[in-house]
Every structure is written in C-alpha cells, then in structure tokens.
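So the sequences go chain by chain: C and E.
Residue 3 in our numbering sits at position 12 of the first sequence, and the numbers go up by one each step.
Residue 19 in our numbering sits at position 24 of the second sequence, and the numbers go up by one each step.
For glycine and all other residues, C-beta sits at the position ideal for the given N, C-alpha and C.
Quantities reported herein were computed from a predicted structural model and do not represent experimental measurements.
Okay, structure first, notes after.
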Amino acid sequence: MRWLMSSLSFENVASFCSRLDLQGDVVEVDLSRFDFVEPGALIYLGMLLRSRAGKASFRFQPPMNPAARAYMERESFWERFEFDNPPERRALTRSTSLGEIVDIERRAGVEDEIELEVERVLERHTRGIEIPTVRTIVGELVANFAEHARGPLAAMAMQIYPRGSFFDVAIGDCGIGIRESLARNPAHAHVISEPHWFAAEMALRPGVGGRVSGEGGWGLHSIHEEVRRLGGELLLYTGDGGVRASQQRIRRGPLPFALTGVQVRVRIPYPG
Amino acid sequence: MVRAMPRTIKISEISERATSREGGRAAARALPTVEALDLDLDREPSLSFLDGLVRELRERGRLDRVTFILRSDLVRRHLGRFVAHDPTLAIWVRTPDANRSRVELPDERPIEIEEGPIGEDVGLG
C-alpha cells in the first residue's frame, strides 16, 4: 500500500499524534511511511516524548526513506528525546551550530548565543534576508521560552529550504501552556475558562502577558507584526488549540491533539 | 518650549547586555535624572528590553525627557506599536544625524480574525 501523504510537518503532526494509542505502557510511533520530516514536527514529537517521560515508553519505527531517516539522526532527535538513558541526554545538552536540535536552557545569555548562531547560518546559506530583524525575532522567541518554560527544557530546530526560498524556526516546550500562563495575570484571569485557541490568539495582541504583577507583554505582538512584514507565517500551538497568523489574517481554532506546553513555528521567505 | 541641552548616554555604557524586560528596567533606573537625555541605542536592544525600558521610564514620569537615538527601523516600529496601543504616550526618537520627533505609528494593516480548525489531516493514504 502506498501512502499518499509522505511529509510529517508542523501542520499535520497534531493529527498524526491524535492517532497514537497513548493508553498503554509502550506507545508505538510508526514514522516508516514518511519521506520527509520538518523540524517543527520533530520539536512537537520531542515535546510529546518529554511530556510523557516516566509515564510511557515509546517504540519508534524510523522513516524507511534514507534521507528522512538521516535527517532525524543528523538532528540528534533520538539522543535529544530518548528517555531510556537520561544521564546521556543531559550530557548532550549544549548549544550547537544549529545543525541539530538545540536545547534552550534557562540561563542568562542563551538568546544571544542562539541569535548569533542563527545569524551565522543565514549569512552562510541565504541572501536578501533582513538578518537583524530575523535575529531579533529568534532572540525574542528564545528568551520567551527560556523565561516561561517550566519543567523540562525547551528545544529548537531550524531548517533552510533553498529550493523553496524560505526557512523555518521551530521552538517548543511542554510546560504549563499559554492559557495557564496568561491566567496568572489578574487582568487575564478569565482566560482560564476559555479554549486554548482563544488564549493563543490573545497572546498575539498588544499589551497581553502572563506576569503576576499584571504587566502586559509586547514581544509576541511585535514578533507577529515583524513576521507579517517579512511575508512570513507564525503557527502557535498550545494545548488543543492554536493560531495560524499570516500576512492577511489570523485563524484561531482547535487542534486534533492536546499537547501540554507551547510549540511555535515561524516560516520566513527570502528572495530566491 | 525650548528643550534643555541634552546629555547623551550610550546604552552600552549602562547595560552590559540589552536583553530582557528586567534588563530594560534596570537600564532605566541607571539613567541620570536630568532635564533632557539622549539615549543612544548603540547596542541593538531586544524587544523585551525596550518594553522594560519604556515602562520604567514612564512609571517614573521621565519618558518624555528622553530621546532615543535609533540605529534600526525595527526599534522604531516597536516603539511605534506602544504608541499605537496607547496614544497618550510621548516617545521621542531621532537618528544619529537628525532632529528629534515623536515616533510615528507603524504602517500596519488591520488583520482579519477567523475561526476554524488549525492544522492539516495527516492522511491515511
């Protein structure tokens, strides 16, 4: 039988996860039919693994396609998210040249290091990108995750697609998610009774933030406006809801799978 | 009203790293209390840093005494978004070689919001 859909992307990874049987002690994850895997899908799957660490074991069937399998190995997917051997995973926690998935540790300066690496990668492989703007977008996202991620680390992956003339940056965590985070701010306490997608869209508005002090936030709003200006797209998932924010519109609504935390993918085109 | 001769401070002189909201607040607190100040953003600040900086200056009633010397359009747009949200804010900016003016609103189109499922079906072939 030939599968028609061979790409595991950030767009369809929630649908894929909704078909997993998560009830047993061992969760079977069959990736064998995928010819192509996007970084956003890796981050989402990785966060599923981290969120269920200690509760279940995962048995993966890697992609049969050699290129897709090699990509997952090159990104160090198995080492980053393999929980059978936690000490080894911790030893692998370090900044890299973004040739593989990067853990976002909660420490001062982590956004500076990752920003710089992103800049180097873009300068080497692309032309015509507003690199300072992209650097600021990435740095702000990383800083947000470093600040708000609770429990296990956040992780990030990046991929340039020269044939499509765009690149993806994907970051995710498996913390408390946007709704619970916003509800800590007394001004937004009501959001706790709203759907996750409502909170996700609200987080893009100006002056909205999850600080207990009641202070609003501007970073995510500005990130979205800058991604819009660059002709890109921002996809933001939290719990069982999300938003797709493009140049013209924001679509907000439910996802087919509920994953704790926040996962985001920014896609930005560049002149081909 | 004639503005007093401003004193110029570089952000790199008062802040080792121009990141984080708390860093921006700390930088604002480190600024001298003078009648007029030109704050040279010679080190590209993060958006969160700017949030903290503007918020702290405003809370201390000193925002309109400061002129931000801009090195990037992104910072100009970000400051403009504050004003778009709160038109009572007076944020003054200039480039290194120009006179100061109130920051203009960014040219950003309104956005439509629609509701519906997010993501795509993975498909079963």
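Integer-rounded CB distance, given that residue j should sit under 8 Å from residue i
| i | j | result |
| --- | --- | --- |
| Asp92 of chain E | Asn3 of chain C | No, Asp92 of chain E and Asn3 of chain C are not in contact; Cβ-Cβ is about 51 Å, not under 8 Å. |
| Ile34 of chain C | Ile162 of chain C | 7 Å |
| Glu66 of chain C | Ile92 of chain C | 5 Å |
| Phe158 of chain C | Thr117 of chain C | 7 Å |
| Ile241 of chain C | Leu195 of chain C | 7 Å |
| Val28 of chain C | Met63 of chain C | 6 Å |
| Arg2 of chain E | Val29 of chain E | 5 Å |
| Gly37 of chain C | Phe7 of chain C | Rounded, the Cβ-Cβ distance is 14 Å, inconsistent with contact. |
Chain-order list of residues whose beta-carbon lies under 6 Å from that of residue i (same chain, five-residue window excluded)
| i | result |
| --- | --- |
| Gly327 of chain C | Residue 327 of chain C falls outside the range modelled here, since chain C spans only -8 to 263, and no answer is possible. |
| Asp21 of chain C | Gln52 |
| Arg(-7) of chain C | Because the pLDDT of Arg(-7) of chain C is 45, which lies under 50, any placement of that residue in the model is unreliable, and the number read from its coordinates should be weighed accordingly. Excluding residues within five positions, none has a Cβ falling inside 6 Å. |
| Ala134 of chain C | Glu102 |
Three-state class that DSSP yields for residue i in the structure shown
| i | result |
| --- | --- |
| Leu250 of chain C | strand |
| Ala59 of chain C | helix |
| Ala82 of chain C | Residue confidence for Ala82 of chain C is low, a pLDDT of 43 falling below 50, so the modelled location carries little weight; the figure read from the coordinates is stated next. Here Ala82 of chain C sits in helix by DSSP. |
| Thr90 of chain E | coil |
| Leu13 of chain C | coil |
| Ile128 of chain C | helix |
| Arg256 of chain C | strand |
| Leu226 of chain C | strand |
| Ser96 of chain E | strand |
| Ser6 of chain C | helix |
| Arg12 of chain E | coil |
| Pro245 of chain C | strand |
| Ala236 of chain C | strand |
| Phe68 of chain C | helix |
| Phe44 of chain E | helix |
| Val101 of chain C | helix |
| Ile183 of chain C | helix |
| Ile34 of chain C | helix |
| Met(-8) of chain C | Summary for Met(-8) of chain C: the model assigns pLDDT 41, below 50, so the residue's position carries little reliability; its value from the coordinates is reported in the next sentence. In the structure shown, Met(-8) of chain C sits in coil (DSSP, three-state: anything other than H, G, I, E or B). |
Cross-strand partners of residue i (DSSP beta bridge)
| i | result |
| --- | --- |
| Asp21 of chain C | C:Gln52 |
| Ala146 of chain C | C:Asp94, C:Gly163 |
| Thr35 of chain E | Just to set this straight, residue 35 of chain E is Asp in the shown sequence, not Thr. DSSP output for Asp35 of chain E lists E:Lys5, E:Ile64 as bridge partner(s). |
| Glu107 of chain E | C:Arg240 |
Residues near residue i in its chain [Cβ-Cβ closer than 8 Å; skip 5 each side]
| i | result |
| --- | --- |
| Leu42 of chain E | His73 |
| Ala137 of chain C | Ile95, Glu96, Arg97, Arg98, Val101, Glu102, Ala145 |
| Ser23 of chain C | Gln52, Pro53, Pro54, Met55 |
| Ile6 of chain E | Ala13, Ala22, Leu34, Asp35, Leu36, Asp37, Arg38, Pro40 |
| Glu192 of chain C | Val234, Ile241, Arg243 |
| Pro27 of chain E | Arg2, Ile4 |
Other residues of its chain near residue i: CB distance less than 7 Å, five sequence neighbours each side excluded
| i | result |
| --- | --- |
| Glu67 of chain E | For the record, residue 67 of chain E in the displayed sequence is Ser; it is not Glu. Result list for Ser67 of chain E: Glu39, in chain order. |
| Phe77 of chain E | Val49, Leu84, Ile86 |
| Gly207 of chain C | Gly198, Val199, Gly200 |
| Leu11 of chain C | Val18, Val20 |
Counting Cβ pairs, one atom from each stretch, are 3 or more of them under 8 Å apart for the segment 2 to 14 of chain E and the segment 248 to 256 of chain C? Look at the beta carbons and you see the segment 2 to 14 of chain E not touching the segment 248 to 256 of chain C: under three pairs across the two are nearer than 8 Å.
At least 3 beta-carbon pairs within less than 8 Å: the segment 226 to 233 of chain C vs the segment 99 to 118 of chain E: Enough Cβ pairs lie closer than 8 Å, so yes.
Could you check whether the segment 113 to 127 of chain C touches the segment 39 to 55 of chain C, counting it as contact only if at least three pairs of C-beta atoms, one from each stretch, sit closer than 8 Å? When C-beta atoms of the segment 113 to 127 of chain C are compared with those of the segment 39 to 55 of chain C, fewer than three pairs fall below 8 Å, so the two segments do not count as touching.
Please confirm if the segment 218 to 230 of chain C is in contact with the segment 184 to 192 of chain C, defined as three or more CB-CB distances below 8 Å between the two stretches. Yes: at least three Cβ pairs fall under 8 Å.
The segment 216 to 224 of chain C touching the segment 83 to 91 of chain E, judged by at least three CB pairs closer than 8 Å: Counting Cβ pairs under 8 Å, fewer than three are found: no touch.
Within the chosen definition, does the segment 51 to 65 of chain E reach the segment 188 to 203 of chain C through at least 3 CB pairs nearer than 8 Å? Too few Cβ pairs lie closer than 8 Å, so no.
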